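Let me begin by presenting the structure, written as C-alpha cells, before commenting on it.
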Amino acid sequence: MRSSPCPFCRLTFPASQLQRHANDHLEEEELRRDMEFAQEIAIAPTSPPKTLNNPVEHGMLFETSSRKTYERSSSRSDESSNCSGEMSIDEKVFHLARLQIRSTFYRVEDGLMALLRNCLESELGNSTCILSGSVIHFQSIESEDVGWGCGWRNIQMLSSHLVMQRQEARQVLFGGSGFIPDIPSLQRWLEIAWERDFDTVGSEHFNHKIYGTTNWIGTTECAALFRSFGLRARIVDFGPKEIKSPYPQKNSRGKRKADEVCGPIDKFLLRREPRDQDISQPGSSRHDSCNLADSTESDKCFTRNDKGRQVLVDWVWNYFSDNKFAKSGSNDVIVTDKAPLYFQHDGHSRTIVGIQVKHQLNGMHQYNLLILDPTHKTAALERSLKENVGWQKFIKRGVHTLKKLQYQLCHIDPGIAHAEELEQLKTLDSIFLEF
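Plus 2 on top of the position in the sequence shown (first one is 1) and you've got my numbering.
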C-alpha cells in the first residue's frame, strides 16, 4: 500500500489515512488560533492603539459565529478611532488574518480522494489514472451561495490541496492561517489583492468591491487571488481561432500578454455587451444561476469537434503526468503532487482533480477528466464512492461532454514569487491553445 508523509508533522501514513490525519491537524490549528484570539481579547486594553481605525467602519465585520466577539472588540476601537483616514493594506491584512472564519464543509471520514482512488483501482479493464493528493470537496449551500458561488467553492477546493500538500503555500495563504476561509473572507482577500494592483481591470469591473455581493467570479479572479499571495497561478485558454481574443499574439507558441486583463471566457462571462450596447453597470449582480444563457448562437458558427476538444484533454494529461508516466498499464492509479485545476466554461466552473486514460482493444485511448463539482452534495459523493455505485456520473467527464465553445484553466505552479517576479504577476497573461 502506498504511503506518504503528512505535510504538517512529516509522519508517514497510508494514502487511505493521510487526508483524515491532515484534517485533524487543521482542526487542532483552528482550536489553537481560537484560544490565542480569545486571550488577545481578554488582555486587550480598553483603548486600542490609535493607529488602528474602526474595522467595522471599513466593512471588516463578517456575518459569522464570531460576530458578537468582533463587535465587542471593535466597539472599543470606535471610541478611540482617529481621523487619519483608511487603514493601510498591511493593517487590513493583519485584521483579516485574525478575523477570517474557517469555512464549514462536510467531512468525509476516509477522505474523498482516497475513496475515489479505491473505486478507480477496482474498475475492470486496463487504464491509467493520475490524481491530485488530498482535496476537500466544498459544496454550494442553499442558504448561502447556490446559483453564484461556484467560483469561490472551486477556489476553496484548490486551497485545500495547497494548504495540506504544499508547506510553502500553507505559510503564505490567508495570512498563514492554515485553514480555508469562508466566502465572505475570500471576498475580502480578493479586495486586498485588487488594492495591491493585481488584476486592475477586473477590479475596475467590480468597482473595486466584491465583499457582500453575489457577483460571479471567473478564472482571472482565481488567478489574481492566488497571485497576491505569491503563488504562480497561470491561465490557459482553449477555443477556436475564429474567436477574437482580447490578447495580442506575443510569440509563435501562443503566449500572449493581456491588453485587457481577462481571458476570452471571462470577457464573455463578466464583460459581455448586449446587442443594443446597453452595457450593465460594473458590479451588477449576476446571481440568477450558475448556468448563464447558453451561447447557442455562437456555437452555431462552429462545428463541435471532439478531436478539437482533445487538445484540452491532452493538455490536462500532460499537466498531471508531467511527462513522467506512460499511458500504458493495468489499472494503475498514481497520486501526484500536482495541484487540481480550476476549470471554467460559459456558465459554470468546476475543479479537475485528475485524469483517466483507458486502453482500448483497438489501440486507441479513451480519456475521462475526473472532476469535483460544487453543485453536487458531498454526502451523495461519499455514499456513491463508498458503495462503488453511480460515482462515475458525478466525477467522470469524457471528451464528448466538452460541448462549450471555449474553456479556461487555472493551474498553480510550485514555489513562491518575490520581488520583481511578484510585480510581474500583477498583470495577468495567458497561454492560448486552438481547438
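Using N, Cα and C, we set each Cβ at its ideal position, and we do this for glycine too.
Quick caveat, the model's predicted, so the values are computed rather than measured.
Backbone secondary structure at residue i - three-state DSSP
i       : result
Val-315 : helix
Leu-424 : helix
His-367 : strand
Phe-189 : Here the sequence assigns Gln to residue 189, which means Phe is not the residue at that position. If DSSP states are grouped into helix, strand and coil, Gln-189 belongs with the helices.
Gln-362 : coil
Asp-431 : strand
Lys-398 : strand
Gln-408 : coil
Arg-198 : coil
Ala-235 : strand
Tyr-72  : Bear in mind that a pLDDT of 34 at Tyr-72, under 50, signals an unreliable position, so the model cannot answer this.
Glu-439 : Outside the displayed span of the chain (3 to 437) sits residue 439, for which this structure offers no information.
Phe-176 : helix
His-413 : strand
Asp-334 : strand
His-350 : strand
Phe-240 : strand
Phe-327 : coil
Contact under 8 Å by Cβ, residue i with residue j
i       : j       : result
Ile-237 : Ala-226 : no
Gln-408 : His-347 : yes
Val-123 : Val-401 : Sequence check: residue 123 is Glu here, not Val. The answer is no: Cβ separation not under 8 Å.
Met-115 : Ser-136 : yes
Val-318 : Leu-371 : yes
Val-174 : Phe-96  : no
Gly-151 : Ser-142 : yes
Pro-183 : Arg-104 : yes
Lys-309 : Glu-436 : no
His-139 : Thr-380 : yes
Leu-98  : Gly-177 : yes
Leu-233 : Ile-414 : yes
Glu-170 : Gly-365 : no
Ala-341 : His-163 : yes
Asn-156 : Ser-351 : yes
Cα-Cα separation between residue i and residue j, rounded to whole angstroms
i       : j       : result
Ser-323 : Ile-357 : 9 Å
Leu-430 : Asn-390 : 42 Å
Thr-221 : Gly-153 : 8 Å
Glu-197 : Asn-320 : 35 Å
Glu-144 : Phe-240 : 32 Å
His-113 : Gln-167 : Residue identity differs from the one stated: residue 113 is Gly in this sequence, not His. Taking the straight line joining both Cα atoms gives about 14 Å.
Glu-423 : Asp-316 : 29 Å
Gly-349 : Met-89  : 36 Å
Tyr-344 : Ile-219 : 12 Å
His-367 : Lys-398 : 15 Å
Glu-299 : Lys-406 : Since pLDDT at Glu-299 reaches only 41, below the 50 mark, its modelled position is unreliable, and the value read off the structure follows with that caveat. Roughly 12 Å between the two C-alpha positions.
Thr-215 : Gln-410 : 24 Å
Ser-187 : Ile-245 : 36 Å
Glu-111 : Arg-311 : 36 Å
Cys-412 : Asn-325 : 19 Å
Gln-102 : Glu-125 : 42 Å
Ser-129 : Arg-109 : 29 Å
Val-313 : Tyr-369 : 12 Å
Val-203 : Phe-107 : 32 Å
Glu-223 : Ser-134 : 22 Å
Contacts around residue i, its chain only, beta-carbon distance under 7 Å, and the 5 residues preceding and following it disregarded
i       : result
Lys-388 : Leu-117
Ile-132 : Phe-322, Ser-323, Phe-327, Ile-336, Thr-338, Gly-356 and Ile-357
Gly-127 : Lys-360
Glu-42  : Because the pLDDT of Glu-42 is 49, which lies under 50, any placement of that residue in the model is unreliable, and the question is left without a value.
Ser-205 : Trp-196
Ile-212 : Gln-189, Leu-192 and Glu-193
Gln-362 : Gln-368
Ala-421 : none
Same chain, Cβ closer than 8 Å to residue i, neighbours up to 5 away in sequence not counted
i       : result
Trp-393 : Leu-118, Cys-121, Leu-383, Ser-386 and Leu-387
Lys-396 : What sits at residue 396 in the sequence shown is Phe, not Lys. Correct list, in chain order: Asp-375, His-378, Ala-382, Leu-383 and Ser-386.
Ile-91  : Ile-194, Glu-197 and Arg-198
Glu-146 : Ile-185
His-210 : Glu-193, Trp-196 and Glu-197
Neighbourhood of residue i by C-beta distance below 6 Å, restricted to the same chain and skipping five residues each side
i       : result
Arg-229 : Phe-200, Ala-235 and Leu-427
Thr-353 : Asn-156, Met-159, Pro-342 and Leu-374
CB contact check: residue i to chain B, cutoff 8 Å
i       : result
Val-313 : No chain B is present in this structure, which holds just one protein chain.
| Where in the region 99 to 155 do unbroken runs of the beta strand (DSSP E), each at least 3 residues long, occur, reported from the N-terminal end onward? | If we require 3 residues or more, the beta strand (DSSP E) runs fully inside the region 99 to 155 come out as 129 to 134.
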